[in-house]
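Numbering (this note's numbering) for the sequence shown: 2 to 443. Ideal placement from N, C-alpha and C gives every residue a C-beta, glycine not left out. To start, the structure under review is shown below, and the notes come after it.
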Amino acid sequence: MQTLGNHRFLVLGSGGREHALCWRLSQPDHSEGQRRQHAVYAAPGNPGIAKIVTCAPIPLNDFQAIAQFCLDQGIDVVVVGPEQPLVDGIADYFALRADLAGVKVLGPNKDCAQLEGSKAFSKAFMARHNIPTAAYQEFTQADLAACLAYIQTQPLPIVIKADGLAAGKGVIIAQSYQEATEAVTEMLSGEAFGAAGERIVIEQFLDGKELSYFVLADGTGHYLTLPQAKDYKRIGVGDTGLNTGGMGTISPVPFADEAMLAAVDATIVRPTLAGLEQEGLHYVGFLFIGLMVVDGKPYVIEYNCRLGDPETQSLMMRLGPDLADAFVAAANGELSTWEGRSLCTTNQPVCTVVLASGGYPGTFEKGLPISGHETHLGNPDIEVFHAGTALEADGKLVTSGGRVMAVSATATTWPETIALAQSATAAITWEGRYYRSDIGVV
Ligand code: AMP
Ligand code: GLY
C-alpha cells in the first residue's frame, strides 16, 4: 500500500461553503488502511468553522497577511472560497512572490477570473469558441439610446445583466418593456450597481431546468468533474419571489442523466478549457458552470470561478478523502496523474436546506440568539454548516447575516432524505428564521 502524505490547507472565506470544505478536508482519512490527518486552517472563518479548525482573523483583501500566515504555518495549498479575492488577483500575487513558490493557490488568476468578473468577457469568450449560450448584445453608458431601442425589438421576458460583480444581484429578468427600460437606465447610469453596471449584457431568456456543474482544473488542460447539484434560488416555496444566493440544494440531480452530462462535457467543458488554453489562459481551480437545460440541450447561463454556496455543502457530503489529494494535484498542475480516475463519490441522496433571517433577501435584523444548532451533533447523517453567525462576548451564538446556516442531510432514498433535512432544519430556531419547506420536492 502506498502511504500518502498529510497536506496543509488554508481555506479562505467565512460562509457555509467554506465550513463544508473545512469539514471535508479536516476529517481523518482511514480509507485503505491510511491514517492521515491534514492540517486545515481558515481565514477569516466563522464560529462553526472555529469549532473544527483554527481560524485566523485575516481580511480577504489583505494578501500580504494571508501570504505571511501561509509562510508561518507551512501551508501547501490555499483553497479560495469566494470570487472577490480571485477577481482581485490573489493567485497573481502569490505567483509573483518568489518566497511563496511552495504555496499553491487553488483558484484562477485575475485574467481567468474574468469569466465570472465580467459578463461581457464571458459572453464574448463563448461566442469565440462556439459554446452554447443565450444570444446577447453588449452595451455601455454611451449606448443608452441604442440599448433602449434594441430592447423594444426583443421578445419578453428579457434578461439584463450588469457586467461586473454585483454580489449575485446583478441580473434582472424583466417581464415588461417598462421594467426593462427602468433597469437598463438605472444600471447604465451607475445608480444601481456603480461601475459594475456601467457596461451591461442583454440576453435572450432561456426557459428550462437549471443545473450547477463543477469542474476542478489544473491549468494544463486536465480536469476532474465534481458532482452536480440543483440550487433552489428563489426565496419562496414553489420557486417564487426574489432571487437569493441560494436557499437549498440537492445532489445528485435526478434529471441529469448520463447522455445530458456527456453533452455538457463535450459541448461545454472541453471547448471551454481548450478555448482558455488557446487564449493563453491557464485556468487553475474550480470552474462552476451555471447551466440551463432546454429540451435536453445544455446552455451556459454563467461561469463562476469558485464553488457554489449552498451547492458545496451537498457536494462535500458525497465526496471522500481523495478530494484533498485532488486539490493538491490540481493546485500543482498534476491532474494528468488522475487520468482515467474519478473522485470517490457516494450516490446516496443529499439535501441541503438554508436557514435565513426573516426578511432576507431584503432587510433583516442581526444579533438574534440561535438555539437548537447542536441538536444534531454526532449524527453522521446530518451536518450543520454555519454562514452568517457570530459569537457574543458571553459565548452565545447569534445571527449576523441573511443566510445564517445550512443543514445537510443524507438517507437511503429521496423521500427520507428530504424529510430528514426538513426535520433537522426545523430543530434550529431564532426569532423570524425562515427556510423553504420544498427543497428537493419540486
Ligand atoms: P446569474 O447571476 O447569472 O446566476 O443569474 C441569476 C439567475 O438568473 C440564474 O440563476 C437564472 O435563474 C437566471 N438567469 C440568468 N440568465 C438567464 C437567461 N438567459 N435565461 C433565463 N434565466 C436566466
Ligand atoms: N448558489 C449559487 C452560487 O453560489 O452562485
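Between Pro299 and Thr268, the CB-CB gap stays under 9 Å.
Between Leu227 and Leu320, the CB-CB gap stays under 9 Å. The beta carbon of Ser213 sits closer than 8 Å to at least one heavy atom of the ligand GLY. Of the candidates Ile236, Gly46 and Ile290, the residue whose Cα lies closest to the Cα of Gln229 is Ile290. DSSP places Leu13 in the strand class (E or B) of the three-state scheme. Beta-bridge annotation (DSSP): Ser252 is paired with Val351. Gly368 sits in coil when the DSSP states are folded into three classes, being neither helix nor strand. The C-alpha of Phe215 is placed about 15 Å away from the C-alpha of Glu259. Looking at the backbone, the Cα of Val238 and that of Asp439 are separated by about 6 Å. For Gln229, no alpha helix (DSSP H) run applies, since DSSP gives it neither H nor E.
In its chain, beyond the 5 residues on either side, Gly334 have a beta carbon closer than 6 Å to the beta carbon of Thr221. Checking the 8 Å criterion, the Cβ of Gly246 is within range of a heavy atom belonging to the ligand GLY. It is roughly 52 Å from the alpha-carbon of Val41 to the alpha-carbon of Tyr151. No Cβ-Cβ contact shorter than 9 Å links Ala66 with Thr55. The region 330-350 and the region 269-279 do not touch, with fewer than three beta-carbon pairs separated by less than 8 Å. The three-state secondary structure of Gly276, taken from DSSP, is helix. For Arg404, the beta-bridge partners assigned by DSSP are Ala357. Restricted to the region 134-197, the beta strand (DSSP E) segments that are unbroken, complete and at least 3 residues in length are 137-141, 159-163 and 172-175, listed in chain order. Inclusion of Gly291 in the 8 Å shell around the ligand GLY follows from its C-beta lying nearer than that to a non-hydrogen atom of the ligand.
If you compare the alpha carbons of Val295, Phe122 and Ile201 with that of Leu149, the shortest gap goes to Ile201. Relative to the ligand AMP, even the nearest heavy atom lies 8 Å or more away from the CB of Gln85. Taking one beta carbon from each stretch, the region 250-258 and the region 173-182 have fewer than 3 pairs nearer than 8 Å; the two do not touch. Short of 7 Å from the beta carbon of Gly297, and not among the five residues preceding or following it, lie these beta carbons of its own chain, in chain order: Met261.
Taking C-beta separations shorter than 6 Å and ignoring five residues to either side along the sequence, the partners of Ser32 in its chain run Pro322, following chain order.
Partner residues in the beta bridge of Glu211, as assigned by DSSP, are Met293. Judged by beta-carbon spacing, His8 lies beyond the 9 Å limit of Ile50, meaning their Cβ atoms are not closer than that value. Here the distance from the Cβ of Phe140 to the nearest heavy atom of the ligand AMP is not below 8 Å. Following the DSSP letters along the chain, one finds Val329 inside the alpha helix (DSSP H) bounded by residues Asp323 to Ala332. Among the bridge pairs identified by DSSP, Glu340 is matched with none. Closest by C-alpha distance to Ala163, out of Ile203, Gln153 and Thr154, is Ile203.
Counting along the chain, no beta strand (DSSP E) covers Glu375, and no H or E run does either. Taking one beta carbon from each stretch, the region 77-85 and the region 99-112 have 3 or more pairs nearer than 8 Å; the two touch. By the Cβ-count criterion, Asp73 is exposed, with fewer than 16 other Cβ atoms from all chains shown falling within 10 Å of its own Cβ. Judged by the Cβ position, Ile236 fails to qualify as a neighbour of the ligand AMP at the 8 Å threshold, every heavy atom of the ligand being at least this far. Cβ contact annotation for Ser401 (same chain, cutoff 8 Å, sequence separation greater than five): Lys367, Gly368, Gly389, Thr390 and Ala391, in chain order. With a threshold of 8 Å, the Cβ atom of Gly309 counts as near the ligand GLY, since some heavy atom of the ligand is closer than that.
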